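Read through the structure below, which is laid out as structure tokens, and then see the notes.
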Amino acid sequence: MNQGQSVFPGDVIATGDYRPEQNVVLDGDRLISTAIGFSEIKDDIVSVIPLTGFYHPSIDDLVIGKIISHNALSWEAYINSYYPGILLASDIFGKDYSASRDDLSLKLNIGDIVLARVANMGSRDPLLTIVGENLGRIDSGELVKISSTTIPYLTDSIIQTIEASTNATLTVGQNGLIVLKCDNSTGLTKATKAIKMIDMMRDNDSIEEKIKKFLDEEN
Amino acid sequence: MGGREANVVLLDENGIRSDGRKVNETRKVTIKAGVLKNANGSAYIEFGGNKILAGVFGPRDVHPKHMSNPDTGILRVRYHMEPFSVGERKKPAPSRREIEISKVIKEALEPAVMLENFPRTAVDVFLEVLQADGGTRCAALDAASVALADAGIPMRDIVCACAAGKAGDALILDVNNEEDQAGQADMPIGYMPNLGKITLLQLDGVLTPDEYKKCIELGLEGCKQVYEIQKNALREKYFSSSDNN
């Protein structure tokens, strides 16, 4: 099987002295895909870029989270993954945080959107942090959800094309959640449609052309 | 099973079955992936007269919590026949048969699904039989496997399934309802074609050791045919505009 080919779970991508990585397992000397996607062989590393599935958190990923609950010590955020992201209260209040003195709801409420970084991946839920440049609560904007597997196709160039054409500002999380900010509703609708179009498209060679054409037609 | 309806002609002198098929021919199978918007993965299968819808949710939180396993995810399967799926109204409550089929489908899928990647979570598979025509467990397993792949759950292989059996003293592929009722044996088989492993094997009826071996071989041929249809359904959804194959 050649590089960049469409693969399904169980397909043998390569045989021999290779190292399995993302979405690939070893069965004897056969490297088997575990997902639907495109195979990739770089040096001795075999991986599959998936076309479907949940977001798998990795350390240092920039993610957008929606606060879904909190307890005395932390907030829980929906991050489009199979585990919720945990944002510790001490991350915001500092080391001297006291559950009896400080009120979590003063800082973040249920429904708030945050731009966060994955700080740690333990055996439990992924730990988020909002300490860092540009991180923290996003005060306004529309939250759009797409498949996290589409994010690699949402290149800087495509983002700039959408922003230029719609006057919208896109904040893209690697987890497939995007916040759109736009002063006019037409631009917001157009930008949302463009992003949804990218999510539907599997033809990765001409995504940018198609988006440009769509935005020109809408203008 | 076992020739309960002796007057039914299941196989004529030319080796043609009651529904016009040859002994080694499956019924028409069509599968469509991604038919449900609200499920993480879904599939619809028509396997002869069987019509089955599969929906997959998860990995997600386990409720009740005590069912969760800190070392691995769990797979839960619910096979359910709609009251209108058979000639006489079926009571909607889970029957012994439905509980058994849910269990065997779960056990047939478990070797393929990499649940160890998702500790403390559950993957739920819902299988709704809209119309039954014999061989629903195999058809449901086929649909479940496509729906799991559609949901992006990591899998070692796609599980395909097809039954083989014996009717009119001949070994037959893909046993239909009539052959199931009046035939001599029914053997549903679940198979992971790339790994070459059988994940489901049941036998209702009597076969000689030689017939048993041949029946498995015949069933595996059917499984491989269904496997291609499963892949085509996924190809249709994910690569229809840019197929590199």
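Heads up: the protein sequence lines correspond to chains P and Z, in order. For what it's worth, this note's numbering labels the leading residue of the first sequence as 639, then goes sequentially. For what it's worth, this note's numbering labels the leading residue of the second sequence as -15, then goes sequentially. C-beta atoms are modelled at their ideal positions from N, C-alpha and C, and glycine is treated no differently. If you're wondering where the values come from, they're calculated on a predicted model, not measured in any experiment.
- Ranking N22(Z), G39(Z), G119(Z) by CA distance to the CA of D188(Z) puts G119(Z) first.
- At least one C-beta of chain P is nearer than 8 Å to the C-beta of F102(Z).
- Closer than 8 Å to the CB of D108(Z) there is not a single CB belonging to chain P.
- V19(Z) sits in coil when the DSSP states are folded into three classes, being neither helix nor strand.
- D55(Z) is a Cβ neighbour of P103(Z), given a cutoff of 8 Å.
- Using a Cβ distance threshold of 8 Å, T14(Z) and Q209(Z) do not count as a contacting pair.
- About 6 Å separates the beta carbon of I845(P) from that of Y791(P), a gap short enough to meet the 8 Å contact definition.
- G136(Z) has a beta carbon lying within less than 8 Å of a beta carbon in chain P.
- Counting only runs that start and end inside the stretch 692 to 764 of chain P, the alpha helix (DSSP H) elements of at least 4 residues fall at 727 to 731.
- By the criterion of a C-beta distance shorter than 7 Å, N161(Z) is surrounded in its chain by D117, G118, once the five residues flanking it on both sides are discounted.
- Taken in chain order, the unbroken stretches of beta strand (DSSP E) that lie wholly in the stretch 160 to 209 of chain Z and span 3 residues or more are 169 to 176, 181 to 185.
- Residues of chain Z with a Cβ closer than 7 Å to the Cβ of A673(P) are, in chain order, G136, P138.
- When DSSP states are grouped into helix, strand and coil, H50(Z) belongs to the helix group.
- Rounded to whole angstroms, the separation of the alpha carbons of D741(P) and V130(Z) is 47 Å.
- A127(Z) sits in a helix when the DSSP states are folded into three classes.
- Along the stretch 61 to 124 of chain Z, the alpha helix (DSSP H) occurs as fully enclosed runs of 4 or more residues at 80 to 93, listed in sequence order.
- Look at the beta carbons and you see the stretch 23 to 30 of chain Z not touching the stretch 77 to 93 of chain Z: under three pairs across the two are nearer than 8 Å.
- Nearest Cα to N813(P) within the set M839(P), I776(P), N709(P), G703(P): G703(P).
- Sequence-ordered contacts of the stretch 639 to 659 of chain P with chain Z read N640, G642, Q643, S644, F646, P647, G648, D649, V650 [C-beta pairs closer than 9 Å].
- Using a C-beta cut-off of 8 Å, the stretch 695 to 714 of chain P makes contact with the stretch 741 to 753 of chain P, since at least three inter-stretch Cβ pairs fall below that distance.
- In terms of CA proximity to I670(P), M176(Z) leads the group M176(Z), G203(Z), K90(Z).
- For Y63(Z), the closest of E91(Z), P138(Z), E201(Z) by C-alpha to C-alpha distance is E91(Z).
- Ranked by Cα distance from Y721(P), the first of E220(Z), G42(Z), A77(Z), V61(Z) is G42(Z).
- For E9(Z), the secondary structure class from DSSP, reduced to helix, strand or coil, is coil.
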